[in-house]
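Printed below as a string of structure tokens:
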């Protein structure tokens, strides 16, 4: 409020993405916010000092070995997934909110991967570039596939699943979904059920898109048994988290005609300072021609941070004003 | 009509695709149709004989050197484009109909090409396969692009343009179009104008999709002058006909930062028995990394012929019954 004598709100930004976007965030906030930053190079003592003052923290991870944060009343995640947060290690009365905005990029990635599987632009281009007309309508070569009329099964029907379904509807696919909580099907979804209908979804789908949160309930949801329910011609897209799929079972299916292919954006191992070039999995997925593999980037687009920082700024303003927060995470424990 | 003493209707199928689909067509027609076929290996005399009897011909080309077809009252094209038809060489009172159904495959191809330009799955996959995490959100590498919010300009708004626009709408693009005849914009199209608004469309578009018929009006519609109207960052998709674009001007733009890239499915030279491996253009487009090139196959999908043959069967039935034909082509000359 104008003229309010209330002190500045102290916000600590932790990690590469929040710190890189500090000025963008500042430009969307008033002078009543003090924005501090911390990256590992600043050292542990700096983290201890800055966390002492912080009333709100913007960070993607919170573990039990974090220094005390006695004044922290908001943990604002700069992303959607909260599998990096140990909720039991947070101070009492600390709210947690996340942000989305990545569903646009992820949905575009999913449709791109599915269309590439149907059409095969990559290999059609390579063949024609070498000079062969073998794939042409003109010489009546073999036709390529269509997305129209195919069945796409969505595992998870949150922001991402809904963004994918909206785009698929325009392609006249048959789209079905399973999700944690029973809900009414939206327009364009043939059916949506709870997780107990997963086997049915897997049996019917030409494409299975994983877009659920990782939790003990979804860990290894796709395993030898559930993979066996899928059509051998089916194609798997994982934009959820690596461990939703049993790595060995997936590799076995991809190398034994159990599954026609997969687009994988999420993995089992991630780079660290110690191992910047770590392989993303124990199995050599990078040797498989029927895999499209990307290093966790599906939602990481040039429009993402502008949208995310706007949402975070709005939430910090609400936090300071004592208003209702956007995207609160109601953590009720797992299982 | 049952019990009708009318004689059988004699239909001649000419060319690889109609002849290959003869049995599928027969399965959709009654016994009152006699289906003959002709391919070049059958020889010219066979063509003379079979055309004498034919009341309907299914063929993609009709030139002035065709033998007489005195009984022919329907030329049914097994495709959409009628640039292979010399209308002045047809017998009097011969109706001409075409078929579509390829707009589904072509629209999927167009969206796939546009998404590949935005995301770049091909190169992201290649980099990660080699072991680098450089493009990952995790290491805060450079983000990729989004289709959402981009402006797509459609040149031609017939079956193909409309099918593309329907799919793009789900991606929240801004879609604009120019077409031969003024029409009201459909839902999801920001504006649609006549061809005189082409410069405006080119100036505004991030993607330009050519989906018009080839005619003297559209020959070299995209040339040095109109290419200069486009943003240097713009991307061109040609699923119309090669000569809608001036080949030399396109090659110059692609090799001089005049245009960021192109997806080309239609060409300037096509294979023949004499030159089965002919290069599709005089310029070496196959050497350009910013081009995706395919040999005229965008609409040639595994679902195409089932749909087309159903339409052709329905039209032959209407022809025999004297009913109104589907997709009649009203040829009024060019210019």
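Residue numbers (this note's numbering), protein chains in the order written: chain Y, 133 to 467; chain H, 133 to 467.
Glycine included, each C-beta is placed from N, C-alpha and C at the ideal position.
Everything numeric in this text was worked out from a predicted model, so none of it was measured.
Please compile the residues from chain H whose C-beta is within a distance smaller than 8 Å of the C-beta of residue i.
i                      : result
residue 187 of chain Y : Ordered by position in chain H, no residue passes the 8 Å Cβ test against residue 187 of chain Y, which lies about 26 Å from the chain.
residue 155 of chain Y : Those within 8 Å of residue 155 of chain Y in chain H number zero; the least Cβ separation is about 15 Å.
residue 392 of chain Y : Going along chain H, no residue has its Cβ under 8 Å from residue 392 of chain Y, so there is no contact; the nearest lies around 15 Å.
residue 257 of chain Y : 424, 425 and 426
Could you name the residues of chain Y that residue i contacts, counting a contact when the two beta carbons are closer than 9 Å?
i                      : result
residue 363 of chain H : Ordered by position in chain Y, no residue passes the 9 Å Cβ test against residue 363 of chain H, which lies about 16 Å from the chain.
residue 403 of chain H : 265, 268, 270 and 271
Run the proximity test for residue i: is its beta-carbon closer than 7 Å to any non-hydrogen atom belonging to the ligand MN?
i                      : result
residue 372 of chain Y : For the ligand MN, the structure offers nothing, since it holds no ligand at all.
Where do the N-terminal and C-terminal ends of the alpha helix (DSSP H) with residue i fall, by residue?
i                      : result
residue 326 of chain Y : No alpha helix (DSSP H) contains residue 326 of chain Y, which is instead part of the beta strand (DSSP E) from 321–326.
residue 260 of chain H : 253–261
residue 217 of chain H : Counting along the chain, residue 217 of chain H falls outside any alpha helix (DSSP H), and DSSP gives it neither H nor E.
residue 152 of chain H : 148–152
residue 300 of chain H : 291–301
Let me know if residue i comes out buried or exposed under the rule of 16 or more other beta-carbons within 10 Å of its beta-carbon.
i                      : result
residue 145 of chain H : buried
residue 143 of chain Y : buried
residue 267 of chain H : buried
residue 370 of chain Y : buried
residue 388 of chain Y : exposed
residue 453 of chain H : exposed
residue 299 of chain H : buried
residue 433 of chain Y : buried
residue 121 of chain H : Nothing about residue 121 of chain H can be read from this structure; chain H reaches only from 133 to 467.
residue 399 of chain Y : buried
residue 397 of chain Y : buried
residue 194 of chain Y : buried
residue 336 of chain H : buried
residue 451 of chain H : buried
residue 175 of chain Y : exposed
residue 406 of chain H : exposed
residue 338 of chain Y : buried
residue 314 of chain Y : exposed
residue 404 of chain H : exposed
residue 466 of chain Y : Since pLDDT at residue 466 of chain Y reaches only 48, below the 50 mark, its modelled position is unreliable, and the value read off the structure follows with that caveat. Per the 10 Å Cβ criterion, exposed.
residue 199 of chain H : exposed
residue 504 of chain H : The structure shown does not extend to residue 504 of chain H, since chain H is modelled only from 133 to 467, so the question has no answer here.
residue 141 of chain H : buried
residue 162 of chain Y : exposed
residue 177 of chain Y : exposed
Which residues in chain H sit within 9 Å of residue i, going by Cβ to Cβ distance?
i                      : result
residue 291 of chain Y : Chain H residues near residue 291 of chain Y: none, gap ~14 Å exceeds 9 Å.
Within 8 Å of any Cβ in chain C, is that where the Cβ of residue i sits?
i                      : result
residue 277 of chain H : Within the model displayed, chain C is absent; protein chains Y and H are what it includes.
Which residues in chain Y sit within 8 Å of residue i, going by Cβ to Cβ distance?
i                      : result
residue 152 of chain H : 272
residue 409 of chain H : 263, 264 and 265
residue 477 of chain H : The displayed coordinates of chain H run from 133 to 467. Any statement about residue 477 of chain H would go beyond what the structure contains.
residue 165 of chain H : The contacting residues do not exist; residue 165 of chain H stays about 23 Å from chain Y at best.
Which chain Y residues are close to residue i, counting only those with a beta carbon under 7 Å from its beta carbon?
i                      : result
residue 148 of chain H : 272
What residues of chain H sit near residue i, judged by a beta carbon separation below 7 Å?
i                      : result
residue 254 of chain Y : 254
Start and end of the beta strand (DSSP E) containing residue i?
i                      : result
residue 175 of chain H : Where residue 175 of chain H is concerned, there is no enclosing beta strand (DSSP E), given that its DSSP letter is neither H nor E.
residue 271 of chain Y : No beta strand (DSSP E) holds residue 271 of chain Y; DSSP gives it neither H nor E.
residue 231 of chain Y : Unbroken run through residue 231 of chain Y: none, as it is neither H nor E.
residue 208 of chain Y : 206–208
residue 285 of chain Y : 283–287
residue 188 of chain Y : 188–190
residue 309 of chain Y : 306–311
Members of the stretch 431–450 of chain H near chain Y, C-beta cut-off 9 Å: Answer set for the stretch 431–450 of chain H: 431, 432, 433, 434, 435, 436 and 437.
Contact list for the stretch 239–252 of chain H against chain Y, Cβ threshold 8 Å: Taking 8 Å as the Cβ-Cβ cut-off against chain Y, the residues of the stretch 239–252 of chain H that qualify are 240, 241, 243, 244, 245, 247, 248, 250 and 251.
Short-range partners of chain Y found in the stretch 418–431 of chain H, where Cβ spacing is below 8 Å: Of all residues in the stretch 418–431 of chain H, the ones placed with a Cβ closer than 8 Å to any Cβ belonging to chain Y are 418, 424, 425, 426, 427, 428, 429 and 431, in chain order.
Interface positions of the stretch 296–310 of chain H facing chain Y (Cβ-Cβ less than 7 Å), listed along the chain: Taken in chain order, the members of the stretch 296–310 of chain H whose beta-carbon sits within less than 7 Å of a beta-carbon on chain Y are 298, 299, 301, 302 and 303.
Chain H contacts made by the stretch 216–241 of chain Y, where a contact means CB separation under 7 Å: So the list reads 236, 237, 240 and 241, given in the order they occur along the chain.
Chain H contacts from the stretch 311–340 of chain Y (Cβ-Cβ distance under 7 Å): The residues in question: there are none.
Beta strand (DSSP E) segments (min. 3 residues) lying fully within the stretch 328–384 of chain Y: Fully enclosed beta strand (DSSP E) runs of 3 or longer: 339–342 and 367–370.
Continuous beta strand (DSSP E) assignments of at least 3 residues falling wholly in the stretch 391–455 of chain Y: The qualifying runs are 393–396 and 423–425.
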